[in-house]
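Worksheet for the structure shown next.
Residue numbers (UniProt numbering): 1 to 280.
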């Protein structure tokens with residue numbers, strides 16, 4: 001029996017990123033694999049005809065490459081942290097239907113998936129929590145969720161495509177709260193400069209009823225701008241298109257590699273890494 005998703009619902013906003021991850025798997029199989037996305041799309045009753053039509057466009061295909069690189073980079077950082085903190089808490093902030101935590105499972109870590117209650121309700125239907133895993137309904141901006149994380153073995157927290165929707169002040173407060181709650185832990189997330197955020201805003205401006213895009217979170221020089229927030233933060237960043245992978249794969253055209261360079265350098269599309277209290 002397929003799980004039905006209606007148009008113009010909150011649930012629909014989770015299906016489209018899932019479809020992108022399936023598309024990435026099909027377009028760039030040597031670079032990215034998300035078997036969970038492929039399986040879930042097959043289990044969902046939804047009219048994908050518009051998404052399929054859009055998926056043929058050049059920019060949609062490049063957008064899928066962006067998604068693939070971002071997810072790969074974050075998963076690489078999670079696995080890298082687990083090498084030295086094998087029993088750490090792996091915390092997916094604004095998880096939607098993303099399965100990165102489980103994909104990085106080393107058999108010892110604790111996995112936490114956090115999102116709004118209605119999102120977690122859908123996740124419980126499609127991706128019920130497994131062993132050493134919890135799906136936690138919450139508002140990320142409310143620090144009450146900090147107490148639900150067992151960080152006794154360390155903590156690696158990550159957010160994919162989430163902080164663009166936060167005011168800069170909200171990101172600052174959240175990061176400072178994490179520094180209090182998870183000393184020795186580390187946070188990874190994707191970010192971009194003001195120009196890129198304005199472009200992103202064109203796609204969600206209307207639905208989010210956003211008036212002042214300038215108040216929303218954007219960053220060009222992460223070590224300088226975020227490092228000034230708090231002396232406990234150890235901040236670095238890498239371009240998320242080419243900072244982890246040279247993209248010299250037959251599935252990626254020379255034009256897309258050029259666009260990737262523009263994204264990393266011109267738009268400052270990056271993975272930001274913040275260590276809390278300790279060295280990176």
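Ideal Cβ placement from N, Cα and C applies to all residues, glycine included.
Computed from a predicted model, the values in this text were never measured in an experiment.
C-beta atoms of residue i and residue j nearer than 7 Å
| i | j | result |
| --- | --- | --- |
| residue 179 | residue 147 | no |
| residue 68 | residue 3 | no |
| residue 93 | residue 191 | no |
| residue 249 | residue 30 | yes |
| residue 221 | residue 242 | no |
| residue 22 | residue 41 | yes |
| residue 137 | residue 120 | yes |
| residue 277 | residue 232 | yes |
| residue 14 | residue 96 | yes |
| residue 109 | residue 88 | yes |
| residue 124 | residue 135 | yes |
| residue 235 | residue 216 | no |
| residue 52 | residue 188 | no |
| residue 176 | residue 141 | no |
| residue 256 | residue 62 | yes |
| residue 240 | residue 269 | yes |
| residue 274 | residue 238 | no |
| residue 106 | residue 36 | no |
| residue 225 | residue 219 | yes |
| residue 114 | residue 11 | no |
Residue i (DSSP reduced to helix, strand or coil)
| i | result |
| --- | --- |
| residue 234 | strand |
| residue 190 | strand |
| residue 75 | helix |
| residue 22 | helix |
| residue 32 | coil |
| residue 89 | strand |
| residue 185 | coil |
| residue 180 | helix |
| residue 228 | coil |
| residue 39 | helix |
| residue 61 | helix |
| residue 70 | helix |
One or two residues paired with residue i in a DSSP bridge
| i | result |
| --- | --- |
| residue 15 | According to DSSP, residue 15 bridges with nothing at all. |
| residue 10 | Note: residue 10 sits in no beta bridge, so no partner. |
| residue 45 | 4 |
| residue 216 | 167 |
**OP:** May I have a chain-ordered list of the beta strand (DSSP E) segments no shorter than 3 residues that lie completely inside the stretch 238-277?
**Re:** 270-276
Original post:
Three or more C-beta pairs closer than 8 Å, one from the stretch 125-132 and one from the stretch 155-163: is that the case here?
Top reply: no
**OP:** Ignoring anything shorter than 3 residues or poking outside the stretch 92-172, list the beta strand (DSSP E) runs there in chain order.
**Re:** 110-115, 133-137 and 155-159
Subject >> Three CB pairs or more closer than 8 Å across the stretch 149-158 and the stretch 80-94 >> reply: yes
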